[in-house]
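Enquirer:
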Amino acid sequence: MKSVNTQKVWFITGASRGFGLQISKAVLAAGDKLVATVRSKPQDLAAQLGNHEHLAVVTLDVTNEEQAQAAAKQAIDTFGSIDVLVNNAGYGLLSGVEEATAQEVKNNYEVNVFGLLNVTRAVLPYMRVQGSGHVINISSVGGLFGYVGWGIYGSTKFAVEGITEAMAQELAPLGIYATVVAPGFFRTEFLDHSSLVKTSNEISDYAATVGEMRSFAAVVNKKQPGDPVKLAQAFVKLGHAEKPPVHLPLGNDTLAKFREKTAAFEKEITEWYDVITGTDHDDVAA
Numbered sequence: 094m095k096s097v098n099t100q101k102v103w104f105i106t107g108a109s110r111g112f113g114l115q116i117s118k119a120v121l122a123a124g125d126k127l128v129a130t131v132r133s134k135p136q137d138l139a140a141q142l143g144n145h146e147h148l149a150v151v152t153l154d155v156t157n158e159e160q161a162q163a164a165a166k167q168a169i170d171t172f173g174s175i176d177v178l179v180n181n182a183g184y185g186l187l188s189g190v191e192e193a194t195a196q197e198v199k200n201n202y203e204v205n206v207f208g209l210l211n212v213t214r215a216v217l218p219y220m221r222v223q224g225s226g227h228v229i230n231i232s233s234v235g236g237l238f239g240y241v242g243w244g245i246y247g248s249t250k251f252a253v254e255g256i257t258e259a260m261a262q263e264l265a266p267l268g269i270y271a272t273v274v275a276p277g278f279f280r281t282e283f284l285d286h287s288s289l290v291k292t293s294n295e296i297s298d299y300a301a302t303v304g305e306m307r308s309f310a311a312v313v314n315k316k317q318p319g320d321p322v323k324l325a326q327a328f329v330k331l332g333h334a335e336k337p338p339v340h341l342p343l344g345n346d347t348l349a350k351f352r353e354k355t356a357a358f359e360k361e362i363t364e365w366y367d368v369i370t371g372t373d374h375d376d377v378a379a
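Numbering (this note's numbering), first residue to last: 94 to 379.
1) Let's test the definition: count the other Cβ atoms within 10 Å of the Cβ of Asp320 and tell me whether it reaches 16, buried, or not, exposed.
2) What is the rounded straight-line gap between the Cα of Thr363 and the Cα of Ala182?
3) Which of helix, strand or coil does DSSP assign to Lys336?
4) Quick check: the Cα distance between Glu385 and Lys166, rounded to an integer number of angstroms?
5) Buried or exposed: where does His374 fall if 16 or more other Cβ atoms within 10 Å of its Cβ makes it buried?
6) Just to confirm the assignment, what range does the alpha helix (DSSP H) spanning Pro135 have?
7) Could you give the residue range of the beta strand (DSSP E) that holds Ile269?
8) What are the start and end residues of the beta strand (DSSP E) that includes Ile105?
9) Would you tell me roughly how many angstroms separate the C-alpha atoms of Gln115 and Leu121, rounded to the nearest one?
10) To the nearest angstrom, how far is the alpha carbon of Val339 from that of Thr99?
11) Leaving out five residues before and five after Ile231 in sequence, what residues of the same chain have Cβ atoms less than 6 Å from its Cβ?
12) How big is the Cα-Cα spacing for Ile296 and Arg307?
13) Hey, would you say Val228 sits closer than 9 Å to Thr213, going by beta carbons?
14) Who are the Cβ neighbours of Trp243 in its own chain at under 6 Å, not counting the five residues just before and after it?
15) Let's see if you can read the secondary structure: which residues bound the alpha helix (DSSP H) around Ile116?
16) Who are the near neighbours of Val241 in its chain, counting only those whose CB is closer than 7 Å to its CB and skipping five residues on each side?
17) Taking 8 Å as the limit between beta carbons, can you name the residues of its chain near Pro135, skipping five residues before and five after?
18) Do Lys350 and Leu186 have their CB atoms nearer than 9 Å?
19) Return the chain-ordered ranges of every beta strand (DSSP E) run that is complete within the stretch 140-191 and spans a minimum of 3 residues.
20) Within a Cβ cutoff of 6 Å, which residues of the same chain sit near Ala215, ignoring the five residues on either side of it in sequence?
21) For the stretch 128-148 against the stretch 327-346, do three or more pairs of beta-carbon atoms, one drawn from each stretch, fall closer than 8 Å, so that the two count as touching?
22) According to DSSP, simplified to helix, strand and coil, what is Asp285?
23) Of the choices Val102, Lys101 and Leu142, whose alpha-carbon is the least far from that of Arg110?
24) Along the chain, where does the alpha helix (DSSP H) containing Ile231 start, and where does it finish?
25) Quick one, are the C-beta atoms of Lys330 and Tyr270 less than 9 Å apart?
26) Can you look up Thr130 in the DSSP assignment and give me helix, strand or coil?
27) Quick check on the DSSP output: the alpha helix (DSSP H) that includes Thr213 runs from which residue to which?
28) Could you check if Gly369 is buried or exposed, using at least 16 other CB atoms within 10 Å of its CB as the buried criterion?
29) Would you decide whether Asn205 is buried or exposed? Buried here means 16 or more other CB atoms lie within 10 Å of its CB.
30) State the CB to CB distance for the pair Ser174 and Val102, rounded to an integer number of angstroms; the pair is presumed to be in contact (CB under 8 Å).
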């Protein structure tokens, strides 16, 4: 993998904690410039990042499209370009599919999907003018593999996977890359109350499935195998890659789950091959 060593301008959403904070630290340490967004108290993040000369902290609620447009313009006014967009802002929803209310589902999509689209629409016009750029969308192992208790959250990340795949094709002729990163289980605040929503509605029939996942999430918190600092270094490499991939799963757990899924898919294809291939019109089949 070749890399370009020129200084980049990054725009990272949800930079106050978790992946966003670690990636922000790594970007500044690499000598790049950074526009980091937070929903509130931008001065706190600026102090946490050392009030760096290459840093601009901007207030942004990604569900507010006008704020997204203003934040992108502020980034351009400050540093002149946006080379790498990292759509990181998001949160988890631990719930059985039936348990989640319509409002809880909508809220999760507002941030994880529609918020990502708000920011992307705000930034891409500047990248198109530049004729260059890289959009990095953060998905999850839950966007590659369905988990009990994570169906709604995972579906938002499945959406991010599909959006990014299409964007990669649409943007390639314009000199812009798109990558979707699917991290596995990393030791961040993801399972803390600050980042994870649990539905108040719990159906007893799901005690052996979703209930067990709730218990597991409490036990595994801060014991996940992934190192967020190493993930941040991977992002710096990705942002400076000359030809970045469309998909980048991060973590041995993510890779194992993806291979497990593809193997199961191939097995089902073999078992249902005649049915799968027997649905074309007769003139096409002939």
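For each residue, glycine too, the CB sits at the ideal point set by N, CA and C.
Expert: Reading it off the structure:
1) To locate residue 320, count along the sequence shown from 1; it is residue 227. That one is exposed.
2) Looking up residue 363 in the sequence shown gives position 270. Looking up residue 182 in the sequence shown gives position 89. The straight-line gap from Cα to Cα measures roughly 40 Å.
3) Stepping through the sequence shown from its first residue, residue 336 is reached at position 243. DSSP places Lys336 in coil when its eight states are reduced to three.
4) With the chain covering only 94 through 379, there is no way to say anything about residue 385.
5) As a working mapping, residue 374 is identified with position 281 in the sequence shown. Flag for His374 reads exposed.
6) Counted from its first residue, the sequence shown places residue 135 at position 42. Unbroken alpha helix (DSSP H) run through Pro135: Pro135 to Gln141.
7) For this step, residue 269 is matched to residue 176 along the sequence shown. From DSSP, the beta strand (DSSP E) with Ile269 extends over Ile269 to Pro276.
8) What you label residue 105 is simply residue 12 of the sequence shown in a count that begins at 1. Where Ile105 is concerned, the enclosing beta strand (DSSP E) stretches over Val102 to Ile105.
9) Within the sequence shown, the letter at position 22 stands for residue 115. Within the sequence shown, the letter at position 28 stands for residue 121. Each residue's alpha carbon lies about 10 Å from the other.
10) If you number the sequence shown from 1, residue 339 lands on position 246. If you number the sequence shown from 1, residue 99 lands on position 6. Each residue's alpha carbon lies about 22 Å from the other.
11) As a first step, residue 231 must be located in the sequence shown, where it is residue number 138. Closer than 6 Å at Cβ, skipping near neighbours: Asn181 and Val274.
12) Mapped onto the sequence shown, residue 296 falls at position 203. Mapped onto the sequence shown, residue 307 falls at position 214. C-alpha separation (whole angstroms): 12 Å.
13) Taking the sequence shown and counting its residues from 1, the one referred to as residue 228 is at position 135. Taking the sequence shown and counting its residues from 1, the one referred to as residue 213 is at position 120. Yes, the pair counts as a contact, with Cβ atoms nearer than the cut-off.
14) Against the sequence shown, residue 243 aligns to sequence position 150. Hits under 6 Å: Gly235.
15) The sequence position of residue 116 within the sequence shown is 23, counting from 1. First-last of the alpha helix (DSSP H) with Ile116: Gly111 to Ala122.
16) Walking along the sequence shown from the start, residue 241 turns up at place 148. Answer for Val241: Thr302, Val303 and Met306, listed in chain order.
17) Against the sequence shown, residue 135 aligns to sequence position 42. Answer for Pro135: Val150, Val151 and Thr152, listed in chain order.
18) As a position in the sequence shown, residue 350 is number 257, starting the count at 1. As a position in the sequence shown, residue 186 is number 93, starting the count at 1. Judged by their CB atoms, Lys350 and Leu186 are not nearer to each other than the 9 Å cut-off.
19) 148-152, 177-180 and 185-187
20) Counting from one through the sequence shown, the residue named residue 215 turns up at place 122. Excluding residues within five positions, the ones whose Cβ falls inside 6 Å are Ala161, Gln162 and Ala165.
21) no
22) The sequence position of residue 285 within the sequence shown is 192, counting from 1. In this prediction, Asp285 scores a pLDDT of 47, lower than 50, which makes its location untrustworthy; the coordinate-derived value is nonetheless stated afterwards. Coil at Asp285, not helix or strand.
23) Here residue 110 refers to the residue found at position 17 of the sequence shown. Taking each of Val102, Lys101 and Leu142 in turn and checking the Cα distance to Arg110, the smallest one comes out for Leu142.
24) Against the sequence shown, residue 231 aligns to sequence position 138. Looking at the DSSP string, Ile231 is not in any alpha helix (DSSP H); the run it does join, the beta strand (DSSP E), is Gly226 to Ile231.
25) The residue labelled residue 330 in the question sits at position 237 within the sequence shown. The residue labelled residue 270 in the question sits at position 177 within the sequence shown. No; because the gap between Cβ atoms is not below 9 Å, this pair is not in contact.
26) What you label residue 130 is simply residue 37 of the sequence shown in a count that begins at 1. Correct three-state label for Thr130: strand.
27) In the sequence shown, residue 213 corresponds to position 120, counting from 1. Segment Leu209 to Gln223, the alpha helix (DSSP H) holding Thr213.
28) One-based indexing of the sequence shown puts residue 369 at position 276. According to the sequence provided, residue 369 is Ile. The question's Gly does not apply to it. Its Cβ having fewer than 16 others within 10 Å, Ile369 is exposed.
29) To locate residue 205, count along the sequence shown from 1; it is residue 112. The residue is buried, with at least 16 neighbouring Cβ atoms inside 10 Å.
30) Within the sequence shown, numbered from 1, the residue matching residue 174 stands at position 81. Within the sequence shown, numbered from 1, the residue matching residue 102 stands at position 9. The Cβ separation is near 5 Å, so the contact holds.
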